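Working notes, structure below.
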Amino acid sequence: MTPNNDLQILSLISSSSTRDKGFRLLMEQYQQRIYGAIRKMVIIHEDADDVLQNTFIKAFKHIHKFNKQSTLFTWLYRIAINESLNFLEKKKRRFFVPLEDHDMAMMQYLDKSPLIDGDAIQKKLQKAILKLPEKQRLIFNMRYFEDLPYNQISEITETSVGALKASYHHAVKKIEEEIKLE
Amino acid sequence: MNQSQKHTIFKVPEGYFNELPEKILRKRKWKTRKAWIGRVAAAAILVIGMVFFLGENSLSTADYSANIEEEMELWISAGYWNEEDMLLLAENPDEILEIMLQEAWDYEDWYEEDLLYHNEIW
Chain Z
6 MTPNNDLQIL
16 SLISSSSTRD
26 KGFRLLMEQY
36 QQRIYGAIRK
46 MVIIHEDADD
56 VLQNTFIKAF
66 KHIHKFNKQS
76 TLFTWLYRIA
86 INESLNFLEK
96 KKRRFFVPLE
106 DHDMAMMQYL
116 DKSPLIDGDA
126 IQKKLQKAIL
136 KLPEKQRLIF
146 NMRYFEDLPY
156 NQISEITETS
166 VGALKASYHH
176 AVKKIEEEIK
186 LE
Chain Y
656 MNQSQKHTIF
666 KVPEGYFNEL
676 PEKILRKRKW
686 KTRKAWIGRV
696 AAAAILVIGM
706 VFFLGENSLS
716 TADYSANIEE
726 EMELWISAGY
736 WNEEDMLLLA
746 ENPDEILEIM
756 LQEAWDYEDW
766 YEEDLLYHNE
776 IW
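Residue numbers (the numbering used here), protein chains in the order written: chain Z, 6 to 187; chain Y, 656 to 777.
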């Protein structure tokens with residue numbers, strides 16, 4: 006079901022005279038939540054900024070294909086996930102630099118960047134999360150930090166609720182073990 | 656893991672979200688413009704190539720097109736030419752302009768495959 010403010014945004018976008026206003030409203034409505042999801046995946050603000058911009062530009066381009074079977078948030082979130090995973094995949098392949106180098110860069114960012122505000126325990130948790138496989142990390146973030154219900158995560162990722170629950174519990178176990186080890 | 660760890664540790668520069676919508680709209684317009692320069696340049700190259708081909712059969716169209724394309728790219732990247740200049744070089748500028756205006760919204764579908772909506776995430 007599409008919420009009323011989504012319908013208002015879509016109505017503005019459908020007319021060429023109000024399209025920019027509609028896009029602006031769409032971004033104002035969802036930018037912070039979508040940014041949060043992307044940032045937790047790519048960690049570095051500048052990377053999250055790039056991925057977020059590409060997410061919205063792709064959304065604008067394909068908005069006419071939005072079928073209103075889900076909310077705009079779910080649809081945008083799906084694009085953001087794809088963009089984030091593609092971004093991380095590109096980092097793996099870039100100039101034959103091993104993935105570990107980028108992982109290391111993200112770990113160091115957690116320790117050194119002024120755009121990180123957590124205490125030692127929170128940073129330790131983030132570092133443990135970074136050691137999970139990307140898709141498990143994604144599911145963990147959606148469930149733990151964003152409190153998204155399993156059925157919404159299922160809609161976004163097109164994965165069964167059972168598989169999501171198993172993945173989440175496995176991730177929690179691995180994170181707890183990782184934290185104990187340090 | 657407790658509730659206090661759920662608090663986000665990720666900060667953004669001050670005013671980041673206030674400026675973002677305008678920044679993205681500007682980027683989208685710039686991308687539209689860039690795509691159209693490419694399209695008009697391709698049309699102009701074709702027209703100029705044809706003129707040369709008809710004028711001199713001793714050299715191939717491909718050679719001329721490659722040279723002209725390279726030269727045009729230099730002019731565009733140096734900022735001396737824009738899409739209006741490209742239109743002036745085209746044989747049918749009015750038609751191209753009309754298409755540009757009508758199709759501005761869906762411009763990118765012309766050259767980019769739509770993979771996102773047909774592929775699974777996993």
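From the three backbone atoms N, C-alpha and C, an ideal C-beta is built for every residue, glycine too. Nothing here was measured: the structure is a model prediction, and the numbers come from that model.
inquiry  = Residues of the stretch 679 to 692 of chain Y in Cβ contact with chain Z at a cutoff of 9 Å, in chain order, please.
reply    = 679, 680, 682, 683 and 686
ask   = Is the shortest distance between the beta-carbon of residue 149 of chain Z and the beta-carbons of chain Y less than 8 Å?
value = Sequence index remark: in the first sequence, residue 149 of chain Z carries index 144 (1-based). Residue 149 of chain Z counts as touching chain Y.
task = Identify whether residue 144 of chain Z lies in helix, strand or coil by the three-state DSSP scheme.
result = Along the first sequence, one-based indexing puts residue 144 of chain Z at 139. Correct three-state label for residue 144 of chain Z: helix.
Contact set between residue 675 of chain Y and chain Z, taken where Cβ atoms lie within less than 7 Å = Position 20 of the second sequence, counting from 1, holds the residue named residue 675 of chain Y. Ordered by position in chain Z, the residues that pass the 7 Å Cβ test against residue 675 of chain Y are 32 and 36.
inquiry  = Under 8 Å, Cβ to Cβ, is there at least one residue of chain Y near residue 122 of chain Z?
reply    = By one-based count along the first sequence, residue 122 of chain Z stands at place 117. Yes, its Cβ sits closer than 8 Å to a Cβ of chain Y.
query = For residue 39 of chain Z, which of helix, strand or coil comes out of DSSP?
reply = On the first sequence, position 34 is the one that residue 39 of chain Z refers to. Helix.
task = Would you kindly check if the distance between the Cβ of residue 85 of chain Z and the Cβ of residue 42 of chain Z is under 8 Å?
result = Taking the first residue of the first sequence as 1, we reach residue 42 of chain Z at position 37. Taking the first residue of the first sequence as 1, we reach residue 85 of chain Z at position 80. Result yes, Cβ atoms of residue 42 of chain Z and residue 85 of chain Z sit closer than 8 Å.
query = Is residue 95 of chain Z close to chain Y, meaning its C-beta is less than 8 Å from at least one C-beta of that chain?
reply = Residue 95 of chain Z sits at position 90 when you count from the first residue of the first sequence. Cβ-Cβ to chain Y under 8 Å: no for residue 95 of chain Z.
Residues near residue 22 of chain Z by beta carbon distance below 6 Å, same chain, minus five either side = Taking the first sequence and counting its residues from 1, the one referred to as residue 22 of chain Z is at position 17. Taken in chain order, the list of residues that qualify is empty.
message = Let's test the definition: count the other Cβ atoms within 10 Å of the Cβ of residue 685 of chain Y and tell me whether it reaches 16, buried, or not, exposed.
response = On the second sequence, residue 685 of chain Y is found 30 positions in, with the first residue counted as 1. So residue 685 of chain Y counts as exposed.
message = Using 8 Å as the cut-off, can you tell me whether the stretch 27 to 46 of chain Z makes contact with the stretch 671 to 680 of chain Y, which would need three or more C-beta pairs spanning the two stretches below that distance?
response = yes
message = Please tell me whether residue 217 of chain Z and residue 184 of chain Z are closer than 8 Å, where the distance is taken between their beta carbons.
response = No answer is possible for residue 217 of chain Z: the residues shown for chain Z start at 6 and end at 187.
message = Using DSSP's beta-bridge definition, name the partner residues of residue 707 of chain Y.
response = As a working note, residue 707 of chain Y is residue 52 in the second sequence. BP columns for residue 707 of chain Y are empty, so no partner.
Contacting residues, own chain, Cβ-Cβ under 7 Å from residue 92 of chain Z (five flanking each side not counted) = The count along the first sequence starts at 1 and reaches residue 92 of chain Z at position 87. Excluding sequence neighbours, residue 92 of chain Z sits near 47, 52 and 56.
inquiry  = Quick check on the DSSP output: the alpha helix (DSSP H) that includes residue 157 of chain Z runs from which residue to which?
reply    = For the purposes of this step, residue 157 of chain Z is taken as residue 152 along the first sequence, with counting starting at 1. From DSSP, the alpha helix (DSSP H) with residue 157 of chain Z extends over 155 to 162.
ask   = Where do the N-terminal and C-terminal ends of the alpha helix (DSSP H) with residue 669 of chain Y fall, by residue?
value = Walking along the second sequence from the start, residue 669 of chain Y turns up at place 14. Neither: residue 669 of chain Y is in no alpha helix (DSSP H) and is coded neither H nor E.
message = For residue 40 of chain Z, tell me which candidate among Y/733, Y/663 and Y/729 has the shortest Cα-Cα distance.
response = One-based indexing of the first sequence puts residue 40 of chain Z at position 35. If we check each option's Cα against that of residue 40 of chain Z, Y/663 comes out closest.
request  = Examine chain Y for any beta-carbon lying closer than 8 Å to the beta-carbon of residue 167 of chain Z, and answer yes or no.
outcome  = One-based indexing of the first sequence puts residue 167 of chain Z at position 162. Chain Y, which has no Cβ nearer than 8 Å to the Cβ of residue 167 of chain Z, makes this no.
message = Please return the same chain residues whose Cβ sits closer than 7 Å to the Cβ of residue 179 of chain Z, not counting the five positions on each side in sequence.
response = Here residue 179 of chain Z is taken as the residue at index 174 of the first sequence, counted from 1. For residue 179 of chain Z, where only same-chain residues beyond five positions count, the Cβ hits under 7 Å are 137.
key: Residues that residue 41 of chain Z contacts on chain Y, provided the C-beta gap is smaller than 8 Å   = Taking the first sequence and counting its residues from 1, one reaches residue 41 of chain Z at position 36. Ordered by position in chain Y, the residues that pass the 8 Å Cβ test against residue 41 of chain Z are 663 and 665.
message = 8 Å is my cut-off, CB to CB: does residue 25 of chain Z come that close to chain Y?
response = Taking the first residue of the first sequence as position 1, residue 25 of chain Z is located at position 20. So, interface residue.
Option in Z/127, Z/173 and Z/139 with minimal Cα separation from residue 149 of chain Z = Indexing the first sequence from 1 puts residue 149 of chain Z at position 144. Closest by alpha carbon: Z/173.
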